[in-house]
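Asker:
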Amino acid sequence: MIEFEAMLTDVGVASADLEKARLYQQKFGGRLEQVLVNMGSLATEKLPQVYGRLLGFRVLGAAEMTSWSPPELIETMPLEFLLHRGWVPFSSGDTGNWTFASKSPLDLEVNDWLREHHPEAAVVLVGDEGFGHLKNRLGRFSRDFGSEPSIDSVEEGRLRELASEAPVVNLLNSLISRALRQGASDLHLEPQDGPSRVRYRIDGVLHEVDTIGSALVLPVITRLKILAGMDIGERRRPQDGKIELRVGGEDVDIRASVLPVSGGESAVLRFLRKSALVYDMKQLGLSADIESLVIQDLAVTSGVMLLTGPTGSGKTTTLYTFLSRLNRPEVKIVTLEDPIEYQLQGINQVQVQPAIGFDFAHGLRSVVRQDPDIIMVGEIRDRETASVAMQSALTGHLVFSTVHTNDTPSAYTRLLDLGVEEFLLNAALRSIIGQRLARRLCPDCSEVDQDAGQQVEALAYVAEMAHISDPVLRRPRGCPNCGGTGYRGRVAVAEYLRCDEVIKALPKGPDFISEARKHARSCGWRSLLEDGYAKALRGVTTVAEVLRVAG
3 MIEFEAMLTD
13 VGVASADLEK
23 ARLYQQKFGG
33 RLEQVLVNMG
43 SLATEKLPQV
53 YGRLLGFRVL
63 GAAEMTSWSP
73 PELIETMPLE
83 FLLHRGWVPF
93 SSGDTGNWTF
103 ASKSPLDLEV
113 NDWLREHHPE
123 AAVVLVGDEG
133 FGHLKNRLGR
143 FSRDFGSEPS
153 IDSVEEGRLR
163 ELASEAPVVN
173 LLNSLISRAL
183 RQGASDLHLE
193 PQDGPSRVRY
203 RIDGVLHEVD
213 TIGSALVLPV
223 ITRLKILAGM
233 DIGERRRPQD
243 GKIELRVGGE
253 DVDIRASVLP
263 VSGGESAVLR
273 FLRKSALVYD
283 MKQLGLSADI
293 ESLVIQDLAV
303 TSGVMLLTGP
313 TGSGKTTTLY
323 TFLSRLNRPE
333 VKIVTLEDPI
343 EYQLQGINQV
353 QVQPAIGFDF
363 AHGLRSVVRQ
373 DPDIIMVGEI
383 RDRETASVAM
393 QSALTGHLVF
403 STVHTNDTPS
413 AYTRLLDLGV
423 EEFLLNAALR
433 SIIGQRLARR
443 LCPDCSEVDQ
453 DAGQQVEALA
463 YVAEMAHISD
473 PVLRRPRGCP
483 NCGGTGYRGR
493 VAVAEYLRCD
503 EVIKALPKGP
513 DFISEARKHA
523 RSCGWRSLLE
533 DGYAKALRGV
543 TTVAEVLRVA
553 G
């Protein structure tokens with residue numbers, strides 16, 4: 003035991019955390035290293051190294067995982083049982099002896115099964131990401147493991163006790179820690195027939211990562227409700243709440259939402275990580291010509307800059323980046339948000355409260371009386387908010403906001419539909435930026451697509467518009483560093499429309515959108531799709547990914 007603890011110390015576990023984990027283990031049980039993982043004191047990536055030293059097993063190399071394919075006769079294995087417990091049948095030798103890849107080599111049930119059925123089996127070690135990569139390559143998982151007893155009728159007091167027991171607490175902590183380490187923005191717990199599924203949204207795409215046995219689903223949801231300050235006895239209405247946690251030395255705010263569905267309750271956790279975002283123009287990934295135009299707009303002292311795009315397209319991050327660039331001691335910036343997602347140092351952020359009548363329109367009137375230089379309104383939803391925002395720009399304020407439209411010219415027509423006078427739009431609007439987020443190709447495993455010659459030729463006009471001298475298309479492969487997806491991180495795909503004299507002079511009738519697009523093209527401003535294609539031709543993303551988000 004002392005030797006094992008020394009190994010944990012060698013991989014960076016603090017002595018104080020080790021002592022806390024020991025006390026927790028004595029009281030509630032569980033394996034020491036898993037307690038440390040749930041505490042956030044030990045990264046799951048280091049577990050293979052610890053297990054390797056403890057058991058004498060080797061750690062599977064990245065090249066072996068990348069080139070791996072499921073072995074023959076794998077269908078003879080109890081895959082559901084093994085995968086659920088963190089094991090993958092990795093290979094079968096000439097003599098029939100199997101090698102298993104495991105992220106949980108101390109699992110008693112699997113080791114008992116091995117002793118009975120494959121006593122000569124070898125074991126290699128993988129971490130969470132490596133295991134996820136192998137499971138993705140395997141391409142099958144998650145069938146019902148059998149019915150488990152329902153606890154729907156457990157009275158509230160007993161349910162609260164169940165939600166506080168060590169297995170439930172450890173399970174939820176582990177799911178949250180894994181999600182944060184994998185860079186997930188959201189965690190989804192969804193009821194299914196039998197076990198509930200757990201999915202992480204990584205780089206805008208959902209990935210199924212685990213299941214929760216039906217007997218644990220209700221306690222886990224109850225645990226979430228307790229942490230988020232919800233009513234644990236209410237299962238008929240949607241509920242929202244907020245959780246503040248410290249995981250691995252990092253403060254994390256979590257917005258929690260619980261929704262009644264046919265099979266029980268679906269829960270979604272959105273992670274707001276203060277250290278995860280760097281509000282820098284270069285981090286946005288805007289094309290150089292669009293970035294140059296935006297910087298020109300940020301240099302003016304009055305006018306309205308609008309961002310358009312659907313929910314989850316990165317509009318808030320882009321607005322925060324603009325504000326951070328303008329944030330100086332001599333400038334007063336006030337924001338109206340619903341909700342406030344991240345605290346920005348030196349900026350006055352106001353949370354609107356529609357339930358008490360303090361909406362964007364009322365808040366904006368109050369903000370103007372605070373003598374701001376720059377105002378950010380989270381979203382323009384109605385005529386009143388739009389009119390006050392435009393009038394504020396005409397009285398010497400620089401105003402930022404968002405509108406939900408598919409492209410930049412449509413923002414004009416949307417505001418007109420809300421009832422804003424055309425002369426007010428023409429006088430106040432400075433520019434409109436449409437945005438989507440496309441996944442970046444993994445820099446460690448992407449490769450040149452040798453079969454994309456015709457596509458490159460078809461997109462030659464985009465390469466010319468974007469001044470790309472050596473266009474090339476790349477494709478994803480998948481490796482442990484990207485969880486087998488072939489993508490890692492996201493990049494902004496954007497289109498730009500400056501509200502210049504030509505745009506102001508155009509009649510705002512049925513032909514406005516098409517005429518505005520013609521003018522944008524004459525100015526050399528690309529559409530969303532064309533900007534995405536330009537990024538694909540630079541090897542940043544793929545044509546398929548561009549079509550997914552902007553097609």
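Counting with the numbering used here, you get residues 3 to 553 for the letters of the sequence shown. Glycine is no exception: its CB is placed at the ideal position from the N, C-alpha and C atoms.
Tell me the residue span of the beta strand (DSSP E) that contains H209.
Answerer: Element bounds for H209: 207-214.
Asker: What are the boundary residues of the alpha helix (DSSP H) that R203 is part of?
Answerer: Careful: R203 lies outside any alpha helix (DSSP H), inside the beta strand (DSSP E) at 198-204.
Asker: Could you check the C-alpha separation between F92 and D19 for me, to the nearest Å?
Answerer: Approximately 35 Å between the Cα atoms of the pair.
Asker: Look at the alpha carbon of L127 and the alpha carbon of D114, and state the distance between them as a whole number of angstroms.
Answerer: Distance between the alpha carbons of L127 and D114 is about 18 Å.
Asker: Below 6 Å CB to CB, which residues in the same chain sit around G541 once its five sequence neighbours on both sides are set aside?
Answerer: The residues are V474, R476.
Asker: In chain order, what residues of the same chain have a beta carbon less than 7 Å from the beta carbon of E449, not counting five sequence neighbours either side?
Answerer: So the list reads R476, R477, R479, once near-sequence residues are dropped.
Asker: Would you check if the distance between the CB atom of S433 and the CB atom of D233 is smaller than 8 Å?
Answerer: It is not a contact, given that the beta carbons lie outside the stated cut-off.
Asker: Let me know the alpha helix (DSSP H) ranges lying completely inside the stretch 354-425, each 4 residues or longer, listed in chain order.
Answerer: Here the runs fully enclosed are 362-370, 385-396, 410-420.
Asker: Around the C-beta of N99, are 16 or more other C-beta atoms found within 10 angstroms, so that it is buried, or is it exposed?
Answerer: So N99 ends up on the exposed side.
Asker: Tell me whether M232 sits in a helix, a strand or coil according to DSSP, three-state version.
Answerer: M232: coil per DSSP, three-state reduction.
Asker: In whole angstroms, what is the alpha-carbon distance linking L418 and Q345?
Answerer: Spanning the two alpha carbons is a distance of roughly 33 Å.
Asker: Using CA atoms only, rank isn't needed, just tell me which of V458, A181, V464, M283 is closest to E47.
Answerer: Nearest of V458, A181, V464, M283 to E47, Cα basis: A181.
Asker: Quick one, which of A430, D109, M79 has its alpha-carbon nearest L140's?
Answerer: Among A430, D109, M79, the Cα nearest to that of L140 is on M79.
Asker: Could you have a look at F92 and say whether DSSP puts it in helix, strand or coil?
Answerer: Reduced to three states, the DSSP call for F92 is strand.
Asker: Under DSSP, the beta strand (DSSP E) around T310 begins and ends at which residues?
Answerer: Residues 305-310.
Asker: How do the stretch 223-242 and the stretch 507-514 stand: do at least 3 beta-carbon pairs fall below 8 Å, yes or no?
Answerer: Verdict: no, contact absent.
Asker: Looking only at C-alpha atoms, which of L366, L261, L539 sits nearest to I377?
Answerer: Of the listed residues, the one whose Cα sits closest to I377 is L366.
Asker: Put H469 into one of helix, strand or coil per three-state DSSP.
Answerer: Coil at H469, not helix or strand.
Asker: Under three-state DSSP, which class holds Y281?
Answerer: Here Y281 sits in coil by DSSP.
Asker: Rank P193, F362, L44, Q27 by C-alpha distance to the C-alpha of S179 and give the top, closest one.
Answerer: The candidate whose alpha carbon is nearest that of S179 is L44.
Asker: Using the C-alpha atoms, what's the distance from S403 back to Y202?
Answerer: Rounded to whole angstroms, Y202 to S403 spans 29 Å at the Cα level.
Asker: Sort P121, E163, V495 by Cα distance to P312 and report the nearest one.
Answerer: Cα-wise, what sits closest to P312 is V495.
Asker: Identify every run of the beta strand (DSSP E) within the stretch 429-500, keeping only runs that are complete inside it and at least 3 residues long; order them along the chain.
Answerer: As far as the stretch 429-500 is concerned, its whole beta strand (DSSP E) runs of at least 3 residues are 431-443, 489-500.
Asker: Express the C-alpha separation of I435 and L328 in angstroms, rounding to a whole number.
Answerer: Between L328 and I435, the C-alpha separation is close to 18 Å.
Asker: On the CB-based measure, 16 or more other CB atoms within 10 Å of its CB, does A8 come out buried or exposed?
Answerer: Flag for A8 reads exposed.
Asker: How would you label V551, buried or exposed, when you count the other beta carbons within 10 angstroms and need 16 or more for buried?
Answerer: Buried: at least 16 other Cβ atoms inside 10 Å.
Asker: Could you check which residue in R24, S71, V112 has the C-alpha nearest to that of L85?
Answerer: The option with the nearest alpha carbon to L85 is V112.
Asker: Quick one: complete alpha helix (DSSP H) runs, 4+ long, within the stretch 15-72?
Answerer: Fully enclosed alpha helix (DSSP H) runs of 4 or longer: 17-30, 34-41, 49-57, 64-68.
Asker: May I have the straight-line CA-CA distance separating E167 from L443, to the nearest angstrom?
Answerer: Taking the straight line from one Cα to the other gives about 42 Å.
Asker: Here's the rule: buried if 16 or more other CB atoms are within 10 angstroms of the residue's CB, otherwise exposed. What is V302?
Answerer: Exposed, by the Cβ-count rule.
Asker: Short of 6 Å in beta carbon distance, which residues of its chain neighbour E21, apart from the five on each side in sequence? Order them along the chain.
Answerer: Result list for E21: empty, nothing under 6 Å.
Asker: Measure how close the beta-carbons of E386 and A363 come, nearest whole angstrom, since I'm counting them as under 8 Å.
Answerer: Their Cβ separation, rounded to whole angstroms, is 4 Å, which keeps E386 and A363 in contact under 8 Å.
Asker: When the Cα atoms are used, what is the spatial distance from S187 to D253?
Answerer: Their Cα atoms are separated by approximately 15 Å.
Asker: Kindly list the residues whose CB is nearer than 7 Å to the CB of L56, restricted to its own chain and excluding five residues on each side of it in sequence; keep chain order.
Answerer: For L56, where only same-chain residues beyond five positions count, the Cβ hits under 7 Å are F6, M9.
Asker: Please confirm whether F133 and G88 have their CB atoms less than 8 Å apart.
Answerer: A contact, by the Cβ cut-off of 8 Å.
Asker: Report the three-state DSSP secondary structure of D340 (helix, strand or coil).
Answerer: Coil.
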